[in-house]
Amino acid sequence: MKTKNMVLCAIFAAALCVFSVITVPIGPVPITMGILGVLLTASILGWKRGTISVLVYILLGAVGLPIFSGFKGGIQVILGPTGGYISSYILVSIIVGLLTRRLAGKKLLAMAQIFGASVLGIVVCYFFGTLQFMFVQHMGVWESLGLCVFPFVPFDIIKALITSYLAFEVRRALTKAGMPV
Numbered sequence: 004m005k006t007k008n009m010v011l012c013a014i015f016a017a018a019l020c021v022f023s024v025i026t027v028p029i030g031p032v033p034i035t036m037g038i039l040g041v042l043l044t045a046s047i048l049g050w051k052r053g054t055i056s057v058l059v060y061i062l063l064g065a066v067g068l069p070i071f072s073g074f075k076g077g078i079q080v081i082l083g084p085t086g087g088y089i090s091s092y093i094l095v096s097i098i099v100g101l102l103t104r105r106l107a108g109k110k111l112l113a114m115a116q117i118f119g120a121s122v123l124g125i126v127v128c129y130f131f132g133t134l135q136f137m138f139v140q141h142m143g144v145w146e147s148l149g150l151c152v153f154p155f156v157p158f159d160i161i162k163a164l165i166t167s168y169l170a171f172e173v174r175r176a177l178t179k180a181g182m183p184v
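Numbering-wise (this note's numbering), the sequence shown opens with residue 4 and increments by one.
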């Protein structure tokens with residue numbers, strides 16, 4: 004791996020650490036900026052470097068660094084009720100990175116492509132996170148969806164919109180700086 008790629012992966016892993024601790028506790032599943040960080044990482048770095056960044060972030064949290072939502076850390080968080088959301092970040096980064104690998108030529112089309120990939124990534128995160136929540140909490144589908152998905156949809160749509168704009172602009176800036184992504 005080239006030094007440039009290692010530095011980019013490290014920077015984005017660090018950014019994920021910052022994004023993920025920004026939370027609003029509203030119940031058993033807090034509003035967190037973690038998924039925004041994953042969407043940005045994957046759509047800017049692509050699936051390989053994005054997934055490396057996400058894996059570094061998850062491993063740092065798994066060994067106990069307090070970088071998960073609410074300044075929590077440790078394997079117990081990943082195995083707990085909300086750990087499926089964190090674990091799903093790996094698949095989310097692969098999917099979003101692959102779908103945004105080559106962007107459309109026009110800005111609005113490229114942003115729409117990033118937005119669509121981000122929404123799909125959020126759905127994948129919801130699916131795996133809610134499955135683990137149901138299993139660990141011994142709750143039914145509708146009760147879990149009411150706690151873990153429905154309240155978050157408007158916020159996550161906004162995160163997908165933010166991602167579509169920021170990812171496009173950062174990719175364009177990196178390309179202009181001679182660091183094509």
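Built from N, CA and C at the ideal position, the CB exists for glycine as well. All values reported here derive from a predicted model rather than from experimental measurement.
In the displayed model, LYS75 falls within a strand according to three-state DSSP.
By the criterion of at least three beta-carbon pairs nearer than 8 Å, the region 123-142 is not in contact with the region 59-74. Buried is the label assigned to GLY40, since at least 16 other Cβ atoms lie within 10 Å of its Cβ. Looking only at ILE93, GLU146, SER147, the smallest Cα-Cα distance to CYS128 is reached by ILE93.
Sorting THR6, PRO31, SER23 by C-alpha distance to the C-alpha of THR133 places PRO31 at the top.
If you ignore the 5 residues before and after LYS110, its C-beta comes within less than 6 Å of no other C-beta in its own chain.
Here the region 55-74 lies against the region 9-19, with 3 or more beta-carbon pairs under 8 Å apart.
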